Structure formats: structure tokens, C-alpha cells
Amino acid sequence: MFSRTTRQLSAVSSRLSRPSVMSSQFLRQYSFQVFRDAPPLRQMRRQLLLDQKTVGLVPTMGALHEGHISLIRQAAAENSDVFVSVYVNPTQFGVNEDLSSYPRTWDSDMAKLEEVNAELARQGGNVGRITAILAPTSKVMYPTLPPSSEIDGDGSFVTITPISKRLEGASRPVFFRGVATVCMKLFNIVRADRAYFGQKDVQQSVVIKRMVKDFHVDTEIRIGNTVRGQDGLAMSSRNVYLGARRHKVGLVLYTALKAAESAYAAGNVKRSDILDAANRITARVLSDQQALTPSERALFEVDYISLADPESLDELDVVDPSKGAVLSGAVKMAPLEESSAAEDCGLGDGKVAVRLIDNLIIKPRA
Ligand code: AMP
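Under the working numbering, the residues of the sequence shown are numbered 1 to 366, in order.
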């Protein structure tokens, strides 16, 4: 499939010895190189190109879970070298959003990546390995101006409209500007053959594909399936804040989308017929919760349930079966009102509101 030599423990880039909050963590040796700056990573990438190796990039914000790992496995199946970026990008968080509370779990992330590399090594020469982690500082990613989260803030930004204004973008106006900007920076630094994104964030995948097309970025975008827990909840770094009660009630979104999917499978193509099936579920679950006491219930708000065109994300009145559609939604789980000491309330004691997103794809019929 592709040639590679097994990479032994390699020295951490000398650039990492510069003092920083994370420097002690970077002094450890891993089975991959850890880069905080672009030039040494580029040097490695250039050598890989000369050696006719291929690079698959998996951009992440850390707090790694099986969703991320599945993308890494896919990247390793399709490339000799997998680069994983770990960077919590400030410009995609609005001024009132949860940048400071976003989970940061460097040590366990590195341990998980080591486990994946051991698993890949057991598979032998037909799969690639994680060979580089890019964990840049914000000064590296935003060299000129401090990153701004203001809607009219200054800076060098990539904006992809109108897609970025729809769905998630309607509630999070700077989100996709931040995502597109950081991905463009990562793509320019890494110059990967392929970059891997999860279906879980469907609008992100549509925005990135559009950006790559419109800016002639020479990286192929690959989308991996949504990884779910056993009960069906889509995995997300933010799920650690849910706790048991909100986790269970949070399944309402997936259940509602499944109901809409079933309505389509039963022959309905009209928007109202498909989305009514989902809205009935959310309304019923919410009224069931409202009937409970504050120490028993988990309240939520439905931000949107959408039936949209897979490429433009324009809302659809009728599904054209030859084109398919995207069913997606967002639900905001409110903080718990009351809880007992023994209850599993998740990180943050149930006080952090958690926005859940999910989607199902209605595939075009052949
Ligand atoms: P994040 O760290 O949340 O920015 O996610 C990094 C990448 O992992 C993105 O491409 C996400 O779409 C993807 N991802 C996150 N959760 C999942 C999941 N449950 N299944 C598949 N991919 C996921």
C-alpha cells in the first residue's frame, strides 16, 4: 500500500525546550514528535514528501475520545504518517462561550495516542502511524494580532458564507469563521495529503469542504462516521459535563432525529411530515421532564431541528430522494436545578450548560 519504516522513539523537537506552561509535559518522549511551532514540523513534512510518504491530518481540540480515535485509525489506514493537531482555538468561541471551561487533558490525550500507535504497530506494515503532534501556542497560530472572538474584531479571518450563518452559525456567529480560519492555518502549516473530520459536526464538514474547493487547497477532505456511546449519544468532549441525569435526557436529540429518519423511510418527503415526527418527541420528553421535581428532572431547550440540503445547508420544503438531505439539531441542556451529594452530576457538578449537536444523513437514492 505504501512504504514506511517503523519509527522508533524520536526526540522531541528542540524547539520545545522554550519555557512555557506546558513545557515540562513536552519534555517527555513519545513514539511521535511533538511540535509547538511550525518550521520544524514543516521540515519533517518536507522530508516525508521526499521519501514519498503520505500525511493524513486529524485536527482536534484535545480531550480525545473514541470519535477522534476513529478518525486517526482511518487516517492511518490511508496514509503512512498521521499528524494530529491539539489546539483549543479561541476564535471559534464567542465572547460569552465556554473557552475557559473547555476540557484540557494533555496527559491522558498523549496516553491515548500512544495506545493507538501500539495498536497500529501490532497491525504491521499496512497501516501508518501517528508520527507528529502539533500543539501550537496561540502566538504561533495567530502571529500578528491577538485572536479576537468579537463579531467585528480585527484579524486575518477566513469567512465562508452563507453556509456559516445557518444552523449552528445562527446561535454562534463567530464559530465557523474561527473553525475555517484555524483549519486554513493548519492546512497551510501541514500541507497534508488528506485531512479527516467527523460526520458528528456535519456543518463543519460542509464548511471545510467548501473552503478547500473555493481556495484551491491541495488537501483531500475525508469524513468519518459519527461514533456513539452504547445508548446512542454521539461522543463529544463536552459530554463529561453532562452527568448521568442529563446524559439520559440528552438522548432526546438522537431519538428525535431517528424518528424523523423513520418518517422519511416510511415514504414521507415533505418537511412538515418529517420534522413533525422529531418535534413530537422533543415536546413529549420536555413535558415529561417538566412534570418532575427539580431534583429529578433535566430541562433543555431545542435550538433547532433542521432538514437541509447536503451541500448548501438551505432548509428544504421537500426532500429530493436523488439528492438526499441532512437531518440535524441542537439542544441546550440547562444546568441541574437541584442535585444530591451522591448523584453523578459530571464535571462541574451539573452547573455547566451543555449544548449537544447531532445529525443523521439521508443518503441519496441510487
Ligand atoms: P473536536 O476536538 O471536538 O474539535 O473534534 C475534532 C474532530 O473530531 C472533528 O472533526 C469532529 O467532527 C470529530 N469528532 C468529534 N466527535 C466525534 C464523534 N462522536 N464521532 C466522529 N467524529 C467526531
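Cβ atoms here follow ideal geometry from the backbone N, Cα and C, with glycine treated the same way. Just so it is clear, the structure is predicted and the values come from calculations on it, not from any experiment.
Apart from sequence neighbours up to five positions away, the residues of its chain that approach residue 363 with a beta-carbon distance below 8 Å are 324, ordered along the chain. Per the C-alpha coordinates, the member of 251, 292, 207 positioned closest to residue 199 is 207. Ligand 1 approaches residue 68 closely enough that one of its heavy atoms is under 8 Å from the residue's Cβ. When the Cα atoms are used, residue 294 and residue 88 turn out to be separated by approximately 34 Å. Leaving aside the five residues that flank residue 227 on each side, the residues in its chain whose CB is nearer than 6 Å to its CB run, in chain order, 66, 67, 70, 235.
When the Cα atoms are used, residue 330 and residue 168 turn out to be separated by approximately 8 Å. Residue 273 and residue 283 have their C-alpha atoms some 16 Å from each other. Short note on residue 231: C-beta not closer than 8 Å to any heavy atom of ligand 1. Here residue 160 has 180, 207, 210, 211 as same chain residues with Cβ atoms under 6 Å from its own Cβ, once five neighbours each way along the sequence are excluded. Around the CB of residue 122, fewer than 16 other CB atoms lie within 10 Å, so the residue is classed as exposed. Counting of Cβ neighbours within 10 angstroms places residue 128 among the buried residues, the total reaching 16 or more. When DSSP reads this structure, residue 301 sits in a beta bridge with 332. In this model, residue 218 and residue 78 are separated by some 16 Å (Cα to Cα). A contact between stretches requires three or more CB pairs, one per stretch, nearer than 8 Å, and the region 242-257 fails this requirement with the region 186-198. The criterion of a C-beta distance shorter than 9 Å is satisfied by residue 94 and residue 174. Residue state for residue 281 is assigned as helix, using DSSP reduced to three classes. In terms of side-chain proximity, the C-beta atom of residue 65 is found nearer than 8 Å to a non-hydrogen atom of ligand 1. Straight across, the Cα-Cα distance linking residue 280 with residue 287 is about 11 Å. For residue 33, the enclosing beta strand (DSSP E) has its first and last residue at 33-35. The straight-line gap separating the alpha-carbon atoms of residue 297 and residue 225 is approximately 32 Å. Distances between the C-beta of residue 354 and the heavy atoms of ligand 1 are all 8 Å or more. Scanning the region 122-188 from its first residue to its last, the whole alpha helix (DSSP H) runs of 4-plus residues come out as 138-141, 168-171. Secondary structure note for residue 77: its alpha helix (DSSP H) is the uninterrupted segment 66-78. Annotation: residue 64 to residue 239 spans about 12 Å, alpha carbon to alpha carbon.
Scanning its chain for C-beta atoms nearer than 6 Å, with the 5 sequence neighbours on each side dropped, one finds around residue 254 the residues 232, 358, in chain order.
The C-alpha of residue 40 lies about 11 Å from the C-alpha of residue 47. The alpha-carbon separation between residue 309 and residue 152 amounts to approximately 29 Å.
Ranked by how close their Cα comes to the Cα of residue 313, the residues 162, 158, 82, 50 have 162 in first place. DSSP links residue 243 through a beta bridge to no other residue. In this structure, the straight-line span from the alpha carbon of residue 353 to that of residue 124 is close to 44 Å.
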